[in-house]
Amino acid sequence: MQHETSSDEALVKRVQNGDKRAFDLLVLKYQHKVAALISRYIQDKHEVLDVAQDSFIKAYRAIDSFRGESAFYTWLYRIAVNTAKNYLVSRSRRPPTSDVELDNEDVHASYRELSDGGTPDANLNRDRLESEIQSAIKDLPEELRGALTLREFDGLSYEDIAQVMDCPVGTVRSRIFRAREAVEKRIRPIFGGGE
Amino acid sequence: MSKFYDKHSSGNDDSLSAFLDGEATHADIDALLASDRQTLASQVDRYHRIHQAIQPEQTLLIDDAGSFLDQIHRKLDEGKQDTNVVAFPTQSQALTKPEKLEQVTLPNMASRSSLSKRSVFSGLAVAASVAFAVVLGGNVLLQGDSTAQTPVFAATPPVQQMPTEPFSARSAEEALQNNERLQNYLRQHAQQASMTVGQGMIPMARVVGYPQGKPQ
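Protein sequence lines correspond, in order, to chains A and B. The numbers in our numbering rise by one with no breaks, and the one at position 31 of the first sequence is 77. The numbers in our numbering rise by one with no breaks, and the one at position 133 of the second sequence is 320.
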């Protein structure tokens with residue numbers, strides 16, 4: 047994950063130099079991770095989003111204190127955990143006795159029971175969307191599906207996928223992107239983007 | 188096959204895909220920074236939907252990345268001050284494996300009640316100690332005078348009986364006379380006490396040893 051660290055560091059330096067757009071990229075990259083982390087402490091979806099936003103705001107305001115001695119996400123992780131705990135205390139709710147360990151954090155394993163309270167129509171759309179995505183992935187050429195699955199399901203790095211698939215890293219990158227594009231093209235009408 | 192995909196690689200278009208996978212180069216970042224925020228956010232939403240479909244046990248908490256980002260910007264612009272106190276991790280604290288945070292607990296109502304009772308009792312104990320010390324101190328000052336059992340402060344005149352006229356030469360003279368009378372009284376009292384109290388036996392023994400006719 048050398049790329050990840052260096053790209054985060056580059057973005058942080060830009061933010062420290064006053065480039066707000068660089069912070070947007072960091073938000074886009076880590077928003078789901080942070081929200082999933084906070085959902086371990088707070089059950090209500092709207093509160094989770096609010097606390098996640100506050101975490102990013104605090105990170106933005108404290109970004110000058112980040113000197114790159116640790117990974118950016120490690121630093122952001124602690125801000126998010128502290129923000130979630132303080133939120134619970136401010137609501138006279140007891141925070142959990144143990145933290146989610148960063149090393150063992152299954153960041154995308156949010157709770158199904160964390161209901162978004164969607165309407166039946168919304169739930170139907172979501173089910174339809176999921177079904178369409180599954181169908182689109184099945185229809186992908188083997189190379190694309192393999193690369194995408196190794197990345198999304200197994201969480202392998204591009205370099206590891208390149209070794210598994212015996213191809214250059216650039217090819218892996220291209221395959222994963224093309225796979226996503228193909229699936230996205232199928233789901234775009236459901237999103238209302240049309241085409 | 189490699190050639191096929193490399194040929195179809197669409198330049199900067201795959202930058203976001205690589206960025207979300209943590210595989211972005213500096214060129215990718217430059218390309219993304221030049222892109223429209225809302226377009227990127229919509230793309231991020233779709234990519235996360237795909238991720239969710241591959242791992243259906245997961246729930247996406249953020250449906251609209253653009254809206255999420257907008258709200259952050261709005262709060263930043265508003266300068267919203269959060270009342271929560273957050274200890275920002277210093278670099279030394281931001282370890283790869285974070286240490287446990289100090290557990291914050293709130294006392295429940297029962298413990299609050301016992302706390303207030305405890306403070307009331309301790310306050311009463313302090314008040315009782317002070318009163319006891321004052322009474323004892325007064326008695327020590329009046330030691331030897333068997334008839335004077337009232338504390339010293341009780342002998343002082345009430346406030347309304349204090350002289351209210353301004354300080355003058357006459358009152359100064361009275362004060363001097365009073366002081367002299369007090370000194371005489373204390374001297375006599377000390378002499379009497381040495382005769383009656385056990386502690387006074389030693390001076391008396393010394394007196395006995397002096398030649399007759401020499402006053403002490």
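Every residue, glycine too, gets a C-beta built ideally from N, C-alpha and C.
Within chain B, partners of residue i - CB distance below 7 Å
| i | result |
| --- | --- |
| Asp70(A) | Arg224 and Leu256 |
| Ile233(A) | Arg233 and Arg236 |
| Leu229(A) | Before going further, note that residue 229(A) is Val rather than Leu in the sequence given. What Val229(A) touches in chain B: Ile237. |
| Arg17(A) | In this structure chain A extends from 47 to 241, so residue 17(A) is not present and cannot be described. |
| Val58(A) | Within chain B, no residue comes near Val58(A); the closest Cβ sits about 11 Å away, beyond 7 Å. |
| Arg226(A) | Ser204, Tyr234 and Ile237 |
Chain A contact residues for residue i, given Cβ-Cβ distances below 9 Å
| i | result |
| --- | --- |
| Val313(B) | Those within 9 Å of Val313(B) in chain A number zero; the least Cβ separation is about 32 Å. |
| Asp251(B) | Here the premise fails: no neighbours, minimum Cβ distance about 10 Å. |
Contact set between residue i and chain B, taken where Cβ atoms lie within less than 9 Å
| i | result |
| --- | --- |
| Gln62(A) | None at all; the shortest Cβ gap to chain B is about 14 Å. |
| Ile179(A) | Arg236, Ile237, Gln239, Ala240 and Ile241 |
Span of the alpha helix (DSSP H), counted from its first residue to its last, around residue i
| i | result |
| --- | --- |
| Leu35(A) | Examination of residue 35(A) is not possible in this model, given that chain A is present from 47 through 241 alone. |
| Tyr106(A) | Lys91 to Arg107 |
| Ser254(B) | Ala252 to Glu265 |
| Gln180(A) | Pro166 to Lys184 |
| Leu227(B) | Arg224 to Ile241 |
| Arg67(A) | Lys66 to Ile84 |
| Val206(A) | Rather than Val, the amino acid found at residue 206(A) in this sequence is Asp. Taken as a continuous stretch (DSSP letters only), the alpha helix (DSSP H) holding Asp206(A) covers Tyr204 to Met211. |
| Asp110(A) | Asp110(A) -> no alpha helix (DSSP H), and no H or E assigned at all. |
| Arg124(A) | Phe118 to Ser136 |
| Leu207(B) | Ser202 to Leu207 |
| Ala218(B) | His213 to Leu220 |
Chain B residues whose Cβ lies nearer than 8 Å to that of residue i
| i | result |
| --- | --- |
| Lys184(A) | Going along chain B, no residue has its Cβ under 8 Å from Lys184(A), so there is no contact; the nearest lies around 11 Å. |
| Arg67(A) | Leu220 and Arg224 |
Interface partners of residue i on chain A, CB under 7 Å
| i | result |
| --- | --- |
| Asp201(B) | Arg219, Ser220 and Phe223 |
| Ala228(B) | Leu74 |
Any non-hydrogen atom of the ligand SAM within 6 Å of residue i CB
| i | result |
| --- | --- |
| Val97(A) | As far as ligands go, the structure on display features none, and thus does not contain the ligand SAM. |
Could you name the residues of the segment 78-102 of chain A whose beta carbon sits closer than 8 Å to any beta carbon of chain B, in the order they occur along the chain?
For the segment 78-102 of chain A, the beta-carbon criterion of a distance under 8 Å to any beta-carbon of chain B is satisfied by His78, Ala81, Ala82, Ser85, Lys91, Val94, Leu95, Ala98, Gln99, Asp100 and Phe102.
Where the segment 189-217 of chain A meets chain B: residues whose CB sits under 9 Å from a CB there:
So the close ones are Glu189, Leu190, Leu194, Thr195, Arg197, Glu198, Phe199, Ser203, Tyr204, Glu205, Cys213, Pro214, Val215, Gly216 and Thr217.
Meets three-Cβ-pair contact criterion under 8 Å: the segment 224-237 of chain B and the segment 202-209 of chain B:
Enough Cβ pairs lie closer than 8 Å, so yes.
For the pair the segment 208-225 of chain B and the segment 66-75 of chain A, tell me if three or more CB-CB distances fall below 8 Å.
The count of Cβ pairs closer than 8 Å, one atom from the segment 208-225 of chain B and one from the segment 66-75 of chain A, reaches three, so the stretches are in contact.
Short-range partners of chain A found in the segment 203-217 of chain B, where Cβ spacing is below 8 Å:
So the close ones are Ser204, Ala205, Phe206, Leu207, Asp208, Gly209, Glu210, Ala211, Thr212, His213, Asp215 and Ile216.
Inter-stretch contact at 8 Å, needing at least 3 Cβ pairs: the segment 81-92 of chain A / the segment 118-130 of chain A
Yes, since at least three Cβ pairs between the segment 81-92 of chain A and the segment 118-130 of chain A fall closer than 8 Å, the two stretches touch.
Examine the Cβ distances between the segment 99-116 of chain A and the segment 249-266 of chain B and report whether three or more of them are shorter than 8 Å.
The segment 99-116 of chain A is in contact with the segment 249-266 of chain B.
Inter-stretch contact at 8 Å, needing at least 3 Cβ pairs: the segment 166-181 of chain A / the segment 224-239 of chain A
Here the segment 166-181 of chain A makes contact with the segment 224-239 of chain A; the two share three or more CB pairs at distances below 8 Å.
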